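Taking the UniProt record's numbering, the leading residue of the first sequence gets 1, the next gets one more, and so forth. Glycine included, every Cβ here is placed at the ideal spot set by N, Cα and C. None of these values were measured; they are calculated from a predicted model.
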Amino acid sequence: MSLLTPSDPLLDGLNPEQREAVEYRGPALLIVAGAGSGKTSVLTRRIASLIRGQEAWPSQILAITFTNKAAAEMRERAESMLGAATEGMWISTFHSSCVRILRREAENFGFTKNFTIYDSHDSRTLIKRIIKEHEADTYGLTVSGVSGKISRLKNELNDVESYARNASMSDPSERKFLEVYRTYTRALQSANAFDFDDLLAQTVFLFRAFPHVADVYRRKFRHILVDEYQDTNHAQYSLIHELTRETEDGLPGASLTVVGDSDQSIYAFRGADMRNIGEFERDFPGAKVVMLEQNYRSTQNILDAANGVISNNFDRKDKKLWTSIGGGEKIVGFTGYSAHDEAQFVVDEISALRAAGMDYNKMAVFYRTNAQTRALEEIFIRSALPYRILGGTKFYERAEIKDVLSYLVVIANPADTLAVRRILNVPKRGIGPATETQLQNYADQNEISLRESLRSADSLGFGPKVSGAISRLSSLLDEATALVELGSVGDVLAKLLEETSYTTLLRASRDAQDEARAENVDELLAVTKEFDKNNPDGTLIDFLTEVALVAAADDLDDASGTVSLMTLHTAKGLEYEAVFITGVEEELLPHRMSAGEPGGPAEERRLFYVGITRARQRLFISLAMSRAQFGQTNSALPSRYLQEIPAELMDWRQSPGNGAGFGSDGRGLSGSGRFGAGSGGYGRSGTSSESNGWGTTEGGWNSLEAAPRPKAEWANRITNKVRDNGDLELAAGDRIRHADFGDGSVSQVTGEGAKRVAHVKFDVAGAKKLLIKIAPIEKI
DNA sequence: AGCCTCACTGTTTTT
DNA sequence: CAGTGAGGCT
1 MSLLTPSDPL LDGLNPEQRE AVEYRGPALL IVAGAGSGKT SVLTRRIASL
51 IRGQEAWPSQ ILAITFTNKA AAEMRERAES MLGAATEGMW ISTFHSSCVR
101 ILRREAENFG FTKNFTIYDS HDSRTLIKRI IKEHEADTYG LTVSGVSGKI
151 SRLKNELNDV ESYARNASMS DPSERKFLEV YRTYTRALQS ANAFDFDDLL
201 AQTVFLFRAF PHVADVYRRK FRHILVDEYQ DTNHAQYSLI HELTRETEDG
251 LPGASLTVVG DSDQSIYAFR GADMRNIGEF ERDFPGAKVV MLEQNYRSTQ
301 NILDAANGVI SNNFDRKDKK LWTSIGGGEK IVGFTGYSAH DEAQFVVDEI
351 SALRAAGMDY NKMAVFYRTN AQTRALEEIF IRSALPYRIL GGTKFYERAE
401 IKDVLSYLVV IANPADTLAV RRILNVPKRG IGPATETQLQ NYADQNEISL
451 RESLRSADSL GFGPKVSGAI SRLSSLLDEA TALVELGSVG DVLAKLLEET
501 SYTTLLRASR DAQDEARAEN VDELLAVTKE FDKNNPDGTL IDFLTEVALV
551 AAADDLDDAS GTVSLMTLHT AKGLEYEAVF ITGVEEELLP HRMSAGEPGG
601 PAEERRLFYV GITRARQRLF ISLAMSRAQF GQTNSALPSR YLQEIPAELM
651 DWRQSPGNGA GFGSDGRGLS GSGRFGAGSG GYGRSGTSSE SNGWGTTEGG
701 WNSLEAAPRP KAEWANRITN KVRDNGDLEL AAGDRIRHAD FGDGSVSQVT
751 GEGAKRVAHV KFDVAGAKKL LIKIAPIEKI
């Protein structure tokens, strides 16, 4: 048992439950940790107590998180408790743990240890090519459809052959899909590459196919700790199971600790299954369960709001967060006229908080979709507030960065055809599609890689210009490869940039954006040098692995004084003194795409809950009445989740219920900035059939007509059924009747499908544009 | 081969 | 809106 005494600093300040979570010893422990209940602290102290009590060597500990950031934080905390005694511990994400294992074991199953990792963009590119080659698009297969399906299959551990056994071969599109899946799998194999999902799935397959290999790791890891267990998908779950199994010669399985909170499960879309945590006790009979419900982060008001919201999810174990911190300030609500107006509110409040002494890096702004950053950014820039965006279009996804990285990939893994193709004609060197196809054919016929075929340029009958270009590329790659042995990653990259003139050419371009691209490439060069400095023994492969696995929240050093902007997903696991949740509207939160998915609205509610519980002191919730999306402005309704926050907790500066209506003349932004008080309404009342009168005036402003009639406080209460005229056929000359505008005649119909717009001349109300699908109209 | 323009399309969250 | 693909021109 533990050698710790009650006064040991490891147990200092812990409540009885936390303490039990640190001290319990047994084969399986589930820590149900509500938001802000100190789970990271408990987890690290648990690790520390295992080491201090000499119950385990550091190398016997495997701690798994979902993000590198969480892993880094845990490592840091463990180091501050244990110092050098953390050496040899595996504290890393699922994905990087798997890469580590796969690199060691790749030779067992037809890969080499310098395999490439394909991000989702790479796999889409590959899938796109395969769909084209197999003319699979004529069977209705799309790139996103196929890549989504393959990803789901892999997360469920269905490889091609197991899928083939179960698929219905009578369906031609199924057959075609199988063909694509099979080709894709072979392409990955021959490119010596794994996609993201493979990293997990292949590790599981490896363990299952080679029990003696699995045993090596089972013997090694005696204590396995998993964070955010509610977000594990089937592959991750199986991986944990494989690792905690008894070895062939009877060594009992490792002790397993999982931490999670089903209320914070927000990754169902990538296969996460809450049941993994719900059924933990069934999976591990005799498991100990510890509940952490005391919250050390937020004020009671914030927790009450969070509890109010989450209690609307039914299939959950009831648990209530509580705190001894006290009530705190009310939650501030604001309804903007537009996304810009909303952003202005955010900026104003941030300035006020700053003036009151709060540092910018203690504040964060959350949103549901990355697209929402646009308006926020504009206003932040205009107001000269320092901010940083976490996630979004990632540095490593930029075309110029991928180009340059592809050179490094080709050097590390010449089998990677995708990477070879990417650099073949970048920068332009006269190797076009025709040449590429010929090279590929030659490679296929001789069963060599595309990279190898470059060496035979002279004998392929190309013109002198083309074959010269190919030979030069080939020898450049050879030279750089030779340099890998001697030089650092930075040296190799510098040489490649020098020889290809990549940045020089960008700088010579007259496209202004190319200068920015050149700077990005310079930054990448700086990154490699930084890597060389921090990892004197680091290899090119190590560098590429690190780069492939960085995530949105990872590159954040929040020491600097900036406000952080991020999606609600990225926000998980973080906390801030002041939190702004923006865009709390129907169609956005819950997102329209979630409506059709089973459990969608409940998951969106959890997302909102995650956002709320990030806040320590102050919480601001805002929405906009209209929002531009896909170049069009649409009106929006308050999110259904707003009414789940007890009204007395909120202080509405500008409420969705009694906010002013605004006229169809479209004033608003220019005037007072915020629309003034007034009656009438945002949103509508009455029966569902006349709700949602999205009209578009000829002036271009999309607006809701003021609705000077009694209404429920929450306009969206009555919109559970959205009007849908999807099938309504209209043509010029038709007479229609609108719920508000009366009768009119159609002058023109534009757009397609759901975006069909009728241009209508109303007899009294004048000319309007109406979205046919949802306008309250009927043909007469 | 390489450049241009035009039209079209999907339109969430991420390791 | 943004990223892509086709088609036409040099």
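task = Below 7 Å CB to CB, which residues in the same chain sit around N413 once its five sequence neighbours on both sides are set aside?
result = Cβ within range, chain order: N114, F115, T116, N192.
For P601, the nearest candidate out of V527, G326, A235, F314 (CA to CA) = When each option's Cα is compared against that of P601, the closest is F314.
ask   = Are V563 and R388 touching if we call contact CB-CB under 9 Å?
value = yes
Nearest residue (CA-CA) to L141, options E577, I127, L153, Q344 = By alpha-carbon distance to L141, the top candidate from E577, I127, L153, Q344 is I127.
request  = Return the chain-ordered list of same chain residues with a C-beta closer than 7 Å to the C-beta of A375, the five sequence neighbours on each side being excluded.
outcome  = A339, H340, A343
inquiry  = Contact between the region 21 to 38 and the region 57 to 64 is defined here as three or more beta-carbon pairs at a separation below 8 Å; is this criterion met?
reply    = They do not touch, by the three-pair rule.
inquiry  = Which residues does DSSP list as the beta-bridge partners of T65?
reply    = T93
query = Taking the alpha helix (DSSP H) that E479 falls in, what are its first and last residues?
reply = From DSSP, the alpha helix (DSSP H) with E479 extends over 464 to 486.
CA-to-CA distance, K362 to A677, given in whole angstroms = Because A677 carries a pLDDT of 31, less than 50, the predicted location of this residue cannot be relied on, and the following value inherits that uncertainty. Going by the C-alpha atoms only, they are around 32 Å apart.
request  = Quick one: residues in its chain with C-beta nearer than 7 Å to the C-beta of W322, no 5 flanking neighbours on either side, listed in chain order?
outcome  = Excluding residues within five positions, the ones whose Cβ falls inside 7 Å are E293, Q294, N295, L303.
query = Run through DSSP, which three-state label would D724 get?
reply = Model confidence at D724 stands at a pLDDT of 49, short of 50, so the residue's coordinates are unreliable and nothing is read from them.
request  = Consult DSSP for D227 and reduce its assignment to one of helix, strand or coil.
outcome  = coil
task = With DSSP collapsed to three states, give me the class of F194.
result = strand
inquiry  = Any contact between the region 130 to 145 and the region 190 to 207? By contact I mean 3 or more CB pairs, one from each, below 8 Å.
reply    = no
query = To which residues of the same chain is F210 closer than 7 Å at the C-beta, ignoring the five residues directly before and after it?
reply = N108
ask   = With C-beta atoms as the reference, is D231 less than 9 Å away from F66?
value = yes
Segment contact flag, the region 218 to 226 with the region 36 to 50, C-beta cutoff 8 Å, min 3 pairs = Verdict: yes, contact present.
message = Here's the rule I'm using: 16 or more other beta-carbon atoms within 10 Å means buried, otherwise exposed. How should M169 be labelled?
response = exposed
Buried or exposed (CB count within 10 angstroms, at least 16 for buried), P638 = Flag for P638 reads buried.
inquiry  = Below 8 Å, is the gap between the Cβ of S747 and the nearest heavy atom of the ligand GDP?
reply    = For the ligand GDP, the structure offers nothing, since it holds no ligand at all.
ask   = Just checking, does the region 502 to 509 make contact with the region 533 to 551 on the three C-beta pairs under 8 Å criterion?
value = no
task = Could you tell me whether the Cβ atoms of R297 and A35 are closer together than 9 Å?
result = yes
request  = Within the same chain, show all residues whose beta-carbon is closer than 6 Å to that of V579, passing over the 5 residues directly before and after it, in chain order.
outcome  = A364, R614, A615, L619
Reduced DSSP secondary structure (H/G/I, E/B, other) of G333 = strand
query = From this set, D197, S626, L405, which residue's C-alpha is nearest R124's C-alpha?
reply = D197
inquiry  = Please return the same chain residues whose Cβ sits closer than 7 Å to the Cβ of E587, not counting the five positions on each side in sequence.
reply    = A636
request  = Pull up the distance between the alpha-carbon of C98 and that of S151, whole angstroms please.
outcome  = Spanning the two alpha carbons is a distance of roughly 17 Å.
ask   = Just how far apart, CA to CA, sit N307 and E644?
value = 9 Å
ask   = Among the residues of its own chain, which have a CB less than 7 Å from the CB of D491, if the five just before and after it don't count?
value = Residues of the same chain with a CB within less than 7 Å of the CB of D491, apart from the 5 flanking positions on each side, are L483 in chain order.
key: Beta carbon of V466 nearer than 9 Å to that of I423   = no
inquiry  = I'd like the span of the alpha helix (DSSP H) that includes Q438, first residue to last.
reply    = 433 to 446
ask   = Leaving out five residues before and five after D122 in sequence, what residues of the same chain have Cβ atoms less than 7 Å from its Cβ?
value = Within its own chain, the residues whose Cβ lies closer than 7 Å to the Cβ of D122, once the five positions on either side in sequence are excluded, are L418, listed in chain order.
request  = Ignore the nearest five residues each way along the sequence and tell me which others in F608's own chain have a CB closer than 8 Å to its CB.
outcome  = V309, L568, I581, V584, L589, S639, Y641
query = Can you round the beta-carbon distance between L473 and R421 to whole angstroms, since I take them to be within the 8 Å contact cut?
reply = Incorrect: roughly 12 Å between the Cβ atoms, too far for contact.
query = Between E575 and S745, what straight-line distance do the alpha-carbon atoms span, to the nearest angstrom?
reply = 55 Å
query = A268 and E729: beta carbons closer than 9 Å?
reply = no
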